[in-house]
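Protein chains in written order, with our numbering: chain H, 766 to 1261; chain B, 766 to 1261; chain S, 766 to 1261; chain G, 2 to 113; chain C, 2 to 113; chain Z, 2 to 113.
From the three backbone atoms N, C-alpha and C, an ideal C-beta is built for every residue, glycine too.
Following: one structure in structure tokens, then a few remarks.
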Amino acid sequence: MISIPAFPRGLRTSVLFFILLCPLLRTWAAQPAAEPPSSVEKRLAALEAYVANADPAAAATVAPGAPARAPLAGVPGPGHNAWMMVSAALVLFMTIPGLGLFYGGLVRTKNVLSVVAWCFGITSLVTVLWWAVGYSLVFGRSFDSPFLGGTEFFFLRGVGAAPNPDYSFWVSHNVFATYQLAFAIITPAVIIGGVVERMRFPAVLLFTTLWFFAVYCPVAHMVWGANGFMNGLANPAAGIRAVDFAGGMVVEMASGLSALVLCLMVGKRLGHGRTPMPPHSLVITVAGTGMLWVGWYGFNAGSALAADGVAANAFLTTTLAAAVAAGVWAALERALRGKASVLGFCSGAVAGLVTITPACGFVDATGAMVAGVLGGAIPFLACVKVKALFGYDDALDVMGVHGVGGIVGLLVTGFFATTAANPALANNLGGIVGRTLWLEQLKGIGLTLVWTCVGTALAALMVKAITGLRPTVEAETEGLDLSDHGEEGYIYEPKS
Amino acid sequence: MISIPAFPRGLRTSVLFFILLCPLLRTWAAQPAAEPPSSVEKRLAALEAYVANADPAAAATVAPGAPARAPLAGVPGPGHNAWMMVSAALVLFMTIPGLGLFYGGLVRTKNVLSVVAWCFGITSLVTVLWWAVGYSLVFGRSFDSPFLGGTEFFFLRGVGAAPNPDYSFWVSHNVFATYQLAFAIITPAVIIGGVVERMRFPAVLLFTTLWFFAVYCPVAHMVWGANGFMNGLANPAAGIRAVDFAGGMVVEMASGLSALVLCLMVGKRLGHGRTPMPPHSLVITVAGTGMLWVGWYGFNAGSALAADGVAANAFLTTTLAAAVAAGVWAALERALRGKASVLGFCSGAVAGLVTITPACGFVDATGAMVAGVLGGAIPFLACVKVKALFGYDDALDVMGVHGVGGIVGLLVTGFFATTAANPALANNLGGIVGRTLWLEQLKGIGLTLVWTCVGTALAALMVKAITGLRPTVEAETEGLDLSDHGEEGYIYEPKS
Amino acid sequence: MISIPAFPRGLRTSVLFFILLCPLLRTWAAQPAAEPPSSVEKRLAALEAYVANADPAAAATVAPGAPARAPLAGVPGPGHNAWMMVSAALVLFMTIPGLGLFYGGLVRTKNVLSVVAWCFGITSLVTVLWWAVGYSLVFGRSFDSPFLGGTEFFFLRGVGAAPNPDYSFWVSHNVFATYQLAFAIITPAVIIGGVVERMRFPAVLLFTTLWFFAVYCPVAHMVWGANGFMNGLANPAAGIRAVDFAGGMVVEMASGLSALVLCLMVGKRLGHGRTPMPPHSLVITVAGTGMLWVGWYGFNAGSALAADGVAANAFLTTTLAAAVAAGVWAALERALRGKASVLGFCSGAVAGLVTITPACGFVDATGAMVAGVLGGAIPFLACVKVKALFGYDDALDVMGVHGVGGIVGLLVTGFFATTAANPALANNLGGIVGRTLWLEQLKGIGLTLVWTCVGTALAALMVKAITGLRPTVEAETEGLDLSDHGEEGYIYEPKS
Amino acid sequence: MKLIIAIIKPFKLEEVKEALAAAGIEGMTVTEVKGFGRQKGHTEIYRGSEYTVDFLPKVKLEVAVADEVAGKAIDAIAKAAKTGKIGDGKIFVVPLEEVVRIRTDERGEAAV
Amino acid sequence: MKLIIAIIKPFKLEEVKEALAAAGIEGMTVTEVKGFGRQKGHTEIYRGSEYTVDFLPKVKLEVAVADEVAGKAIDAIAKAAKTGKIGDGKIFVVPLEEVVRIRTDERGEAAV
Amino acid sequence: MKLIIAIIKPFKLEEVKEALAAAGIEGMTVTEVKGFGRQKGHTEIYRGSEYTVDFLPKVKLEVAVADEVAGKAIDAIAKAAKTGKIGDGKIFVVPLEEVVRIRTDERGEAAV
Ligand SMILES: Nc1ncnc2c1ncn2[C@@H]1O[C@H](COP(=O)(O)OP(=O)(O)O)[C@@H](O)[C@H]1O
Ligand SMILES: Nc1ncnc2c1ncn2[C@@H]1O[C@H](COP(=O)(O)OP(=O)(O)O)[C@@H](O)[C@H]1O
Ligand SMILES: Nc1ncnc2c1ncn2[C@@H]1O[C@H](COP(=O)(O)OP(=O)(O)O)[C@@H](O)[C@H]1O
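Written as structure tokens, this is what we have:
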């Protein structure tokens, strides 16, 4: 997700020229009572840095005797800020109502509201955690640790409108923090797809809290923290030099594996395998799918943290992969079962979006087509074939779609990442891009897998001990809408 | 809603430097046949003004012998214009379909379409009024009055792509007018939540027309007009030096109080208090809630009228307050009634958004958390406890959520507004921010309350006299969908 | 859709001044070891070009001895790029889920998913076609033909983050390609509204493929290709000097006429005219309408290909026309049948949006009001009166709304286009704007009409020969959801 | 025993239930049905196509009662359901040969 | 009097109604039901899980008629509802002891 | 012949169907109904307004059987539907004078 902004050639030329100009500037600087023309240079460089999403300070500090404060320093750039506010809004839209409707339509009538309540509960809870400590634990630096951030941003202290150049030169720090909050919300919200229809509401909230600290904060810091252990892109000292543009490890793998572990610990739904449990409203699911898709542009292209060329590339690759994977999933259904289904199209679209997530800012259109084909086919097999073999009740296929799709996407990234799509890959990874990056990706996958499974299992065990995981048989039979929330999704009265 | 753009330090430095530079410039200006280097300064200043959302003309006029037209004058700034077009689209999205679905899901099956028809009817009607006279009456100046605008923009004459610097240096005037139209639409659309299921369609339209002139235009001008009576932020001569970032008075209080007055005059629904009238589809309401939430980013952060640091701050505070209030409402339900409900989460989210509306561009994260807690708790009590005491039939709790939430938000603004969040507060209100601003807010609340109640009552009386307010008992029993619109919301045919 | 970026006066002044300055610059240029101040000018001009959406290279080449590479060349502009990514996302959102829900709600319960499946299938299919050849055939130049593009962008080769100045100076080429993809998707998706409930899924996909090559690619190149036959705005050598801002010919007329031809060839639904076939869920249709409306801002204002003043104008005109047409349609229903319906509001809003589509970037507020009135009234008559006369089964009124609305909009453009709204009209069309432009529009309408009808008929005949168009009577009676996709839209289980 | 089947207007259900309760009858089974009879439906128009809804939403009550209570029950329903306007509905009485309460296996009048 | 209960295919409802009207019978009550019998349902697949829908949507008609009309009514329904394919449905005839028209308090055949 | 009308808990439908099949009865018609009886409903609260749901979702089975099978059928239903908790439901038996299989025009027991 972190894209070290590329210095396009235009800018580099300017900087070069600027250096050459220095002697001249120095003469001018001798003139009294007026800042020398160098300041014009600096101001121009800063403005150009805005357009090119580069560091305004870098250009300025080149000048001898530069003033402490560079031109435009601390000012967010309108185009980038606008794009990131839109992106943050879109990612929040993905959870409420996007995921709520997507998941809600897939469960039975009697549980539709419980799914929505879980999404809302997670949103409120994680927002408070993020504000208090979470943001700081992921994106702070005071611990100086590759595994966890710091305490300096507790309660969002000092997180104002000025950009935090650790992550973005032109996006307001508070917008960045809100954008990242949206990721911290949707990840646990995706998990609960594995255990819908059979977990107690308080247990969901407690699990979310424990999981947030055990899994999300450390994994997110490792992958995206400026000094993170697996942040191959930005951290030259990364232990694992993996790359993950928009959350293949942090969001997709983490949610998929956690859902798998959690659904095994919670157990199957009553009647699973005997009673049919078809989606109660694919129409609602379709609405949710569309919202997820549009929101994913904020998720993926927004992860460039600027409205720059890297975002533009991510925008294209996201579209290609989603559309292709939707078609591939449906085509496989048609080939293997005779009929292409709407649930197939929806599942394929989401799987394609998942798969391109880690790759979108690193691969080009060709890589995106590969991600689309594999992202449609492999999760299809995982959901339809592999799950049946094992027989676990991952109700909404979080492992099959997000876990498997995330892993596929990380590997696609390993093989297809190219500096043509993202020049920043050349900074620290120039030597392995196009060569052995996939090995680093494999290491990243391994560490994420182990960390996530262990963390989830511990969190779930604690929840089991404290509140218990499941509702009573009566409550589950009645449906969680009534038993946990005292409401019904639909009350279509007869006309009178 | 109007944020006098802050002059960040970087810019102020530049301006200072520029002034110092003037003597030098003058020498250069003597050179013939070429505009002197000062123009480079001016052009730089204009470009920097774009990034910092400052006045491009201000910088230019500093130069002696400045040309009539400043560099980039009349050109909208792409980042700001993009953000405001997005914001305007989002706020329009709030009414159709957002509010239509949110409200539609809460009424009984037989009235779901009538609610949507009202939203559509109001949209069409207010658009024509706004185009013809409304925009001018609110944002014109020709009357030179703190209570009403002017006639210069009737039929949107002269409202073109160039910014109107009265309100924004970098946003196209026509985008600003469209953005403000969206507010003029949603305010009456919110009102009708109080009288759903029992008002005639023609009466709704007539009421909207009268109310628009009696309440909306004057109140909006008073609060947001550059020379408005209650525009403490931008108008140094304001009678009441109140502040209202995104519509705590204009939208929230006005709609809440109007709904209360109107529902008292229309009377209760047939069977109110005896027949249960549960929401017919909370699923639809959830979809609407999500759309309102995402739209509210346009509403709140858009009210900065630029993609600047003030917008960024509003973006964060809006998110915090909404998520926290949703959780607080649900937690109170859980504490007082044993179960947290989805309707509770939805109501809390909306109440939080309402509460942060006047405050979002003035308070910091801490203020937002306070707004979230109070915005969840006080409207909850208003809807669940106070309404029951009085027994009026404000069907969808417009008073409880919007009226009460708006007032709470205005007071939170009074106590927690800070120049750290919005430097423009220092311009005219430096002396009272953090001190007695809450007193001015109280005055503003009082004036809005009286004006709104009187205006609404007069409008409703006239409607009663002209068209009557209520449908026949038969029509109300049959449902307004059939009786007023000849349609049904759902016709689920059996398969054949 | 192509707006040759206007050179606002501010910029023109700068360029002029720059030319005057040249002699001076030349002197400075003599100084050794430093690029002469001219580079400051060039860099300033490039930055100003960004703000004003002008050509950065144009300014640069003015300077004598200009370096090969202009400042900021190849760098997308953040504000414009952000807006176009948002616009592209919005237009994709229009098809999935917007159109899927809008259309889905209008069919009978048993066919709701089939409509969605068609939208998804078209999305996947057209994405692959676009990637492989379509984009190049429309926006390439290698054929050097006014009727079809070229091969240079096959497989999106060379379509990177740098802008393609043929179409936009500041928007990434890949964002432009994705944006245009969204148009190529929604056009066939609109068509299928004419034949819902009675066409086989494979037939829909095959038809889409043939139609894409026979109609979409050539018509889109003719209208929007830089050297297109009907691109009066940008192509001085255009055979027909018509203008079509956002797709009155390419999208609206093409889809409307194709739907008419196709529905005649497919035949009526079983039971048409005898069994009532009311919309099964207007609530879903309302949700879809709102999504179409908000998406249309990307469609229309996005067609400026920049967040500039032309986009701003399109934003306003789109809003006015949609809201007015919605009201006009409903008012006509009220006048002629006694009741204004929600379906009427929805139909009117869409018809208004269709009508303003070709006009939005060329007419001012007054023109938009005219478009709104005519766009509500004429399609209303077409759907409610004319269709009844002829008795064809254009199930969802694609001809009546899109075909007729598109033609009305193109004529409105012919009469009301003004250089005040879009200065680029003065470039090639200065002589006919406000005079005989409507004649050129008529010619464009004629060519589009003939080309589309012939192309569609041929495509449909081939499909008939290869896969057949219709399902069996049993399948159609059972509903396409079950027969083609093996799913049901709603399975509301009884509580247990 | 009798099985009383009553077709009534939906908004009268509550009153009928209360009337039956007043008559000592607490158990009943209710179904949403569509009625066709003398009362005529309405017309809906969707973009010009008319759609005549000739059925009317009604509610069907099924009440099993002992023979001696039947008359009282019928009267209670008839009285409570009446509005005097067309479409008020019908009451049908069918002989009931056996009743079983599933929970207890009670049979006959004890099971009603 | 008889209460005729007919289970038919939903798309035959209109024809049956017309046939009854032709036989002079205008009143009836209709319910959406699910039928189980020899006709078999279909299979739906949701992401790999099969869901066998073994019930079939049917429509139930209840028509109260005077004894002498019963035969004609039964024949009318049987003829109109027949497609000859499996699943056409059944007609059940139950004795009807009393009928009340709620609006008028008419009883017996007058109330039918 | 008898028409057996059984009101049962919805989640017992599958078991009852199997029990009937075991008794050789394959045909039946099922309706979703609301039951009122001793079993009490629940309360829902919407923003402070309480909404007491006093009906309970039940499923109604109608099974036409030959006289000699009736007893077996009733027992099968009663056994399969029983949970022993309140609200298990009722079985009503009504005399059936005639049955017609629409597809074949068979009448009487052959049509069942
Ligand atoms: N012969 C009948 N058999 C079954 N149901 C009937 C019959 N006649 C009427 N009904 C039911 O009674 C309802 C009311 O009948 P209708 O003729 O409209 O008015 P009224 O009850 O005032 O005579 C109908 O909607 C239908 O449900
Ligand atoms: N014994 C029965 N009791 C009640 N309803 C029955 C019975 N047998 C069949 N039905 C109803 O009749 C419908 C048609 O029966 P089925 O056996 O499928 O075909 P057919 O009518 O051609 O014999 C079933 O779906 C069911 O609703
Ligand atoms: N007298 C009755 N007539 C018709 N249906 C009845 C009657 N009594 C009970 N029922 C049906 O049987 C269901 C169960 O009855 P209830 O009294 O709640 O429990 P139980 O079956 O344990 O006695 C009710 O919900 C209702 O549908």
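What first and last residue would you give for the alpha helix (DSSP H) that runs through residue i?
{"i": "arginine 1102 of chain S", "result": "1074-1102"}
{"i": "alanine 968 of chain H", "result": "966-976"}
{"i": "serine 889 of chain H", "result": "877-894"}
{"i": "leucine 97 of chain C", "result": "Leucine 97 of chain C -> no alpha helix (DSSP H), and no H or E assigned at all."}
Ends of the beta strand (DSSP E) at residue i?
{"i": "histidine 845 of chain S", "result": "Histidine 845 of chain S -> not in any beta strand (DSSP E); alpha helix (DSSP H) instead, spanning 843-858."}
{"i": "alanine 65 of chain G", "result": "57-66"}
{"i": "serine 50 of chain C", "result": "50-54"}
{"i": "phenylalanine 867 of chain B", "result": "Element bounds for phenylalanine 867 of chain B: not the beta strand (DSSP E) but the alpha helix (DSSP H), 865-871."}
{"i": "glutamate 33 of chain C", "result": "29-37"}
Enumerate in chain order the residues of its own chain whose CB-to-CB distance from residue i is below 7 Å, with the five nearest sequence positions on each side excluded.
{"i": "phenylalanine 912 of chain B", "result": "Pro983, His986, Met987, Phe994"}
{"i": "alanine 799 of chain H", "result": "Because alanine 799 of chain H sits at a pLDDT of 42, beneath the cut-off of 50, its placement in the model cannot be relied upon, and the following sentence gives the value as read from the coordinates. No residues qualify anywhere along the chain."}
Cβ of residue i less than 8 Å from any chain D Cβ?
{"i": "cysteine 1148 of chain H", "result": "No chain D is present in this structure, whose protein chains are H, B, S, G, C and Z."}
Identify, in the order they occur along the chain, each residue of the same chain with its Cβ nearer than 6 Å to the Cβ of residue i, setting aside the five sequence neighbours on each side.
{"i": "tryptophan 895 of chain B", "result": "Leu946, Ala949"}
{"i": "phenylalanine 966 of chain B", "result": "Asp1249"}
Cα separation between residue i and residue j?
{"i": "aspartate 84 of chain C", "j": "glutamate 16 of chain C", "result": "Sequence check: residue 84 of chain C is threonine here, not aspartate. Cα to Cα, the separation comes out at about 12 Å."}
{"i": "glycine 1060 of chain B", "j": "alanine 1191 of chain S", "result": "38 Å"}
{"i": "serine 889 of chain S", "j": "valine 1089 of chain H", "result": "5 Å"}
{"i": "leucine 790 of chain S", "j": "alanine 1185 of chain S", "result": "With a pLDDT of 36 at leucine 790 of chain S, under the threshold of 50, the predicted position of this residue should be treated as unreliable, and no value is reported."}
{"i": "glutamate 1243 of chain B", "j": "proline 1236 of chain B", "result": "11 Å"}
{"i": "glycine 1174 of chain H", "j": "phenylalanine 1127 of chain H", "result": "11 Å"}
{"i": "serine 901 of chain B", "j": "valine 1008 of chain H", "result": "54 Å"}
{"i": "valine 94 of chain C", "j": "aspartate 76 of chain Z", "result": "24 Å"}
Who are the near neighbours of residue i in its chain, counting only those whose CB is closer than 8 Å to its CB and skipping five residues on each side?
{"i": "lysine 10 of chain G", "result": "Lys59, Val60, Ala82, Thr84, Gly88, Asp89, Gly90"}
Q.
Is it the case that the region 958-976 of chain S contacts the region 1021-1034 of chain S, given that we only count it when at least three CB pairs across the two stretches are under 8 Å?
A. yes
Q) In the region 899-935 of chain S, which residue ranges form an unbroken alpha helix (DSSP H) of at least 4 residues, counting only runs that do not cross its ends? A) 900-904
(Q) Report the start-end ranges of each alpha helix (DSSP H) in the region 1188-1213 of chain B that is 4 residues or longer and not cut off at the edges. (A) 1190-1194
Q) Is the region 1150-1165 of chain H in contact with the region 1089-1097 of chain H, if contact means three or more CB pairs nearer than 8 Å? A) no
Q.
Using 8 Å as the cut-off, can you tell me whether the region 930-942 of chain H makes contact with the region 1133-1150 of chain B, which would need three or more C-beta pairs spanning the two stretches below that distance?
A. no
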